[in-house]
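Here the sequence shown is numbered in this note's numbering, starting from 473 and rising by one per residue.
For each residue, glycine too, the CB sits at the ideal point set by N, CA and C.
To start, the structure under review is shown below, and the notes come after it.
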Amino acid sequence: MSLDADIAENLNAVRARIGAAARRAGRQPDEITLIAVSKTFGTDHVRAAWDAGQPDFGENKVQEALQKISETPDIPIRWHLIGHLQTNKARRAALPFRCIHSVDSLELLRKIDDAAVEGGATPDILVQVDLAGETAKFGAPADAARRVVDAALGCRAARLAGLMLLPPWSDDQEQTRPWFARLRELREAWIAGGVPRDGLRHLSMGMSHDFEAAVEEGATMVRVGTAIFGKRTPATVTGA
Ligand SMILES: *Cc1c(COP(=O)(O)O)cnc(C)c1O
């Protein structure tokens, strides 16, 4: 089969699985935004997915994303930055991305907001929470994440939209499910504690191997790469 047909078929299968998981949890399928994670793949893959009706794409590296954005000026893709963002790249990320999922410090938040004010953009911000205390990974522990949430409510241009989670890796979604439930519980506790619900409306959680559990536990955004575009190989990796 052709690249276009493969990607269209994979997208349909993922959408069907999201819909089934949503219905199992008594949710509406349209409450969940599928983000097609195109990292390491070229814009031929992005265009094939777009042509199959996919509007949201995720990238984890600013440089690689900017390259693809510059190669697709003719299509109004909603780009999401899902990977770690260094503070010295915040300026370049504030304008092209509709949503930045990886805000995990006050300094990063301020830099994004300053750049957004200057450039006239209003990016959505998700605060990345590290629930497992994985110090080698990014994300802020819950108490620090709460401080970022509170600060984000006072931003001038950046808009707080929710929380993001990258749980300890397991290929068994029953192992990651409890982390998804904990992020939802944290969100509910913060809303009960006074954070406006609208500012925490999104939970970005779930990848190719566990997005169904994530949807059952309340995800509103799932970030799916492999199940749409196939396995990433080192040879397809570009940028930094
Ligand atoms: C790569 C990546 C994904 C997608 O992973 P797949 O297993 O290919 O679906 C999701 N989230 C983040 C933060 C990623 O870096």
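Residue span of the alpha helix (DSSP H) that contains residue i, given as start and end
i           : result
residue 478 : 475-496
residue 641 : Note, residue 641: premise wrong, no alpha helix (DSSP H); not H, not E.
residue 523 : 515-523
residue 564 : 562-566
residue 541 : 534-543
residue 684 : 683-688
Where residue i falls, given that 16 or more other Cβ within 10 Å makes a residue buried
i           : result
residue 669 : exposed
residue 639 : buried
residue 482 : buried
residue 577 : buried
residue 617 : buried
residue 712 : Bear in mind that a pLDDT of 38 at residue 712, under 50, signals an unreliable position, so the number given afterwards is only what the model happens to contain. Exposed, since its Cβ has fewer than 16 Cβ neighbours within 10 Å.
residue 475 : exposed
residue 484 : exposed
residue 665 : exposed
Residue j beta carbon less than 8 Å from that of residue i
i           : j           : result
residue 479 : residue 517 : yes
residue 607 : residue 631 : no
residue 534 : residue 566 : no
residue 508 : residue 700 : yes
residue 497 : residue 504 : no
residue 499 : residue 528 : no
residue 542 : residue 557 : no
residue 627 : residue 585 : yes
residue 559 : residue 579 : yes
residue 691 : residue 677 : yes
residue 570 : residue 633 : no
Residue i: first and last residue of the uninterrupted beta strand (DSSP E) it sits in
i           : result
residue 695 : 693-696
residue 675 : 674-676
residue 667 : Premise fails: residue 667 is in no beta strand (DSSP E) and is neither H nor E.
residue 531 : 528-531
residue 506 : 505-509
residue 553 : 550-553
Nearest-angstrom beta carbon gap, residue j and residue i [assumed within contact, 8 Å]
i           : j           : result
residue 648 : residue 682 : 5 Å
residue 658 : residue 614 : 6 Å
residue 489 : residue 688 : Wrong, their Cβ atoms sit about 11 Å apart, outside the cutoff.
residue 506 : residue 694 : 6 Å
residue 581 : residue 623 : 6 Å
residue 651 : residue 604 : 7 Å
residue 583 : residue 562 : 4 Å
Inset, instruction - Just list the beta strand (DSSP E) runs in the stretch 569-631, keeping only unbroken ones of 3 residues or longer that don't cross its boundaries, in chain order. - result: 571-575 and 596-601
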